[in-house]
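If you use this note's numbering, the sequence shown corresponds to residues 221 to 389, in order. We put the beta carbon where it would ideally sit given N, CA and C, even for glycine.
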Amino acid sequence: MATSTPREGILSDELASEREQLVGLLKQAYFMELETVMSYVANSVNPDGVRAQEVKESLDEDIQEELGHAQQFAARIKELYGVVPGSLEFTAEQTFLQPAEHQTDIVHVIKGVIAAETGAIEHYNKMVEFCDDKDLVTQDMVIAILRDEEGHRRLFEGYLREYQAEGLA
Ligand SMILES: [Fe+2]
Ligand SMILES: [Fe+2]
221 MATSTPREGI LSDELASERE QLVGLLKQAY FMELETVMSY VANSVNPDGV RAQEVKESLD
281 EDIQEELGHA QQFAARIKEL YGVVPGSLEF TAEQTFLQPA EHQTDIVHVI KGVIAAETGA
341 IEHYNKMVEF CDDKDLVTQD MVIAILRDEE GHRRLFEGYL REYQAEGLA
């Protein structure tokens with residue numbers, strides 16, 4: 221049986237329950253981005269050492285980009301008749317991006333960033349799949365954000381390679 225997307229798409233009554241599920245996924249994405257902002261602010265400041273400089277600067281640049289992602293998710297929640305959640309609904313999950321025991325441990329930071337980006341990539345791929353045949357506007361937005369996260373992960377995988385090549389990671 222072939223199904224077709226209703227004319228009003230994701231804003232239609234027919235897709236009310238899918239819309240609700242999608243708003244749930246968007247809220248999760250929104251909080252993931254904001255937690256990433258917190259983690260990147262801390263890790264763009266904490267590390268010590270000459271070699272940490274590049275990583276700190278790179279994270280410093282990413283902060284605005286991740287914040288922009290959070291704002292895009294918030295706007296889309298609103299457009300889908302949802303309400304952007306308050307801070308009390310937030311639960312922290314990024315155990316891997318907590319400060320290292322020693323602030324010269326830059327490998328800890330690099331691995332934490334890769335884990336955060338991988339978590340985002342997994343969630344956004346799930347969203348892209350969910351949006352198929354339901355909401356191409358959200359899908360388009362998430363694909364663009366997904367590309368940013370893939371770029372971030374690739375950059376930090378490059379940093380990690382350098383340390384691995386030297387037997388330091
Ligand atoms: Fe992001
Ligand atoms: Fe990212």
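- [ ] Would you please verify whether the beta carbon of Ala272 is less than 8 Å from any beta carbon of chain B?
- [x] No chain B appears in the structure shown, which is made up of a single protein chain.
Open item on the list: Relative to the C-alpha of Leu279, which candidate in Gly371, Phe293, Tyr383, Ile230 has its C-alpha closest?
Closed with: Relative to the Cα of Leu279, the nearest Cα in the group Gly371, Phe293, Tyr383, Ile230 belongs to Gly371.
- [ ] Quick one: give me the first and last residue of the alpha helix (DSSP H) that Phe376 is part of.
- [x] Segment 356 to 385, the alpha helix (DSSP H) holding Phe376.
TODO: With a threshold of 7 Å, establish whether the CB of Glu377 neighbours any heavy atom of ligand 2.
DONE: No; taking the cut-off as 7 Å, the Cβ of Glu377 has no heavy atom of ligand 2 nearer than that.
Task: Residues near Met221 in its chain [Cβ-Cβ closer than 8 Å; skip 5 each side] - done: Note on Met221: pLDDT 45, under 50, position unreliable in the model; the coordinate value appears next. Taken in chain order, the list of residues that qualify is empty.
Task: Which of helix, strand or coil DSSP assigns to Leu231 - done: Reduced to three states, the DSSP call for Leu231 is helix.
Task: Limits of the alpha helix (DSSP H) - the one that Ser259 falls within - done: 236 to 263 is the extent of the alpha helix (DSSP H) around Ser259.
Open item on the list: Taking 7 Å as the limit, name every residue whose beta carbon sits nearer than that to some heavy atom of ligand 1, in sequence order.
Closed with: Residue list for ligand 1: Glu253, Thr256, Glu285, Glu286, His289, Ala340, Ile365, Asp368, Glu369 (CB closer than 7 Å to any heavy atom, chain order).
Open item on the list: Quick check on Ser264: buried or exposed, where buried means 16 or more other Cβ atoms within 10 Å of its Cβ?
Closed with: Per the 10 Å Cβ criterion, buried.
TODO: Using only the heavy atoms of ligand 2, determine whether one of them is closer than 7 Å to the beta carbon of His372.
DONE: Within the cutoff, so yes.
- [ ] Assign Glu313 to buried or exposed, taking buried as 16 or more other Cβ atoms, counted over all protein chains shown, within 10 Å of its Cβ.
- [x] Result: exposed.
TODO: On a CA-only basis, which of Glu309, Ala262, Val357 is nearest Val333? Give me that one, please.
DONE: Of Glu309, Ala262, Val357, the smallest CA-CA separation from Val333 is found for Ala262.
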